[in-house]
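**Q** Provided herewith is a single structure, encoded as structure tokens, for subsequent inquiry.
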């Protein structure tokens, strides 16, 4: 007799994940949806929408502040969200950074003119692209060559006697471990003598 309730409990536990409390049709009706609109909503996957939500009177626009070249596979876009309110024309700024991994435009070393041209034509930022700060991108390789010609190479002479702080830390660690092992070995030698007495 006690076996039947146990089987019933295990059957309910097994079936519970497959039972849903609210169907999509009930959800659609609870959000003031009509029967005529249900098929269209279900096909377009609009059931996740929040029906009846008040419209936002603010328009969000992105402002590109700077583009930082890190490596061939990584660039950082520093942007601000520009928010305009149509009701009282107030604006607020929210800073943000986005990592661009393996992006064709930002990750490879293109000329600065071509990057600015693509940003103007294909990306819709609020500010003028000429105001954006580009770090790590250069437009003229001639300036680099001039800098290389004008600078003298630095030569460091290592005579082998210059020990850095890591050498002294390693030496101190060896000294401490030797002292601890020495003290422990002395204690181990004294204990058998005390036990014999």
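Residue numbers (our numbering): 14 to 210.
Here a beta-carbon is modelled for each residue, glycine too, at the ideal position from N, C-alpha and C.
For residue 78, does the three-state DSSP call read helix, strand or coil?
**A** As a first step, residue 78 is located in the chain shown; it is residue number 65 there, counting from the start. Residue state, collapsed to three classes: strand.
**Q** On the criterion of 16 or more Cβ atoms from any shown chain inside 10 Å, does residue 88 qualify as buried, or is it exposed?
**A** As a position in the chain shown, residue 88 is number 75, starting the count at 1. That one is buried.
**Q** Taking DSSP as the reference, what is the three-state secondary structure of residue 124?
**A** For the purposes of this step, residue 124 is identified with residue 111 of the chain shown, where counting begins at 1. Coil at residue 124, not helix or strand.
**Q** Work out the CA separation of residue 178 and residue 148 for me, nearest whole Å.
**A** Here the question's residue 148 lines up with position 135 in the chain shown. Here the question's residue 178 lines up with position 165 in the chain shown. Using only the alpha carbons, I get a separation of about 34 Å.
**Q** Any heavy atom of the ligand NAP closer than 7 Å to the beta-carbon of residue 188?
**A** Here there are no bound small molecules, and the ligand NAP is not part of this structure.
**Q** How long is the line joining the alpha carbons of residue 111 and residue 91, rounded to whole angstroms?
**A** Mapped onto the chain shown, residue 111 falls at position 98. Mapped onto the chain shown, residue 91 falls at position 78. For residue 111 and residue 91, the distance between alpha carbons rounds to 7 Å.
**Q** For residue 22, does the count of other Cβ atoms within 10 angstroms reach 16, so buried, or fall short, so exposed?
**A** Against the chain shown, residue 22 aligns to sequence position 9. Looking at its Cβ environment, which holds fewer than 16 other Cβ atoms inside 10 Å, residue 22 is exposed.
**Q** Kindly indicate which residue of 185, 138, 151, 82 has the alpha-carbon position closest to the one of residue 75.
**A** Walking along the chain shown from the start, residue 75 turns up at place 62. Of 185, 138, 151, 82, the residue nearest in Cα terms is 138.
**Q** Under the three-state reduction of DSSP, which class applies to residue 147: helix, strand or coil?
**A** Position 134 of the chain shown, counting from 1, holds the residue named residue 147. Of the three classes helix, strand and coil, the one that applies to residue 147 here is strand, per DSSP.
**Q** Use the C-beta contact count for residue 185: other C-beta atoms within 10 angstroms, 16 or more gives buried, fewer gives exposed.
**A** The residue given as residue 185 occupies position 172 in the chain shown. Counting Cβ neighbours within 10 Å, residue 185 comes out exposed, since fewer than 16 surround it.
**Q** By DSSP's criteria, residue 39 is part of a beta bridge. Which residues make up the other side?
**A** Taking the first residue of the chain shown as 1, we reach residue 39 at position 26. Its beta-bridge partners do not exist; DSSP assigns none.
**Q** State buried or exposed for residue 199, treating a residue as buried only when at least 16 other CB atoms are found within 10 Å of its CB.
**A** Within the chain shown, residue 199 is the residue found at index 186, counting from 1. Exposed, by the Cβ-count rule.
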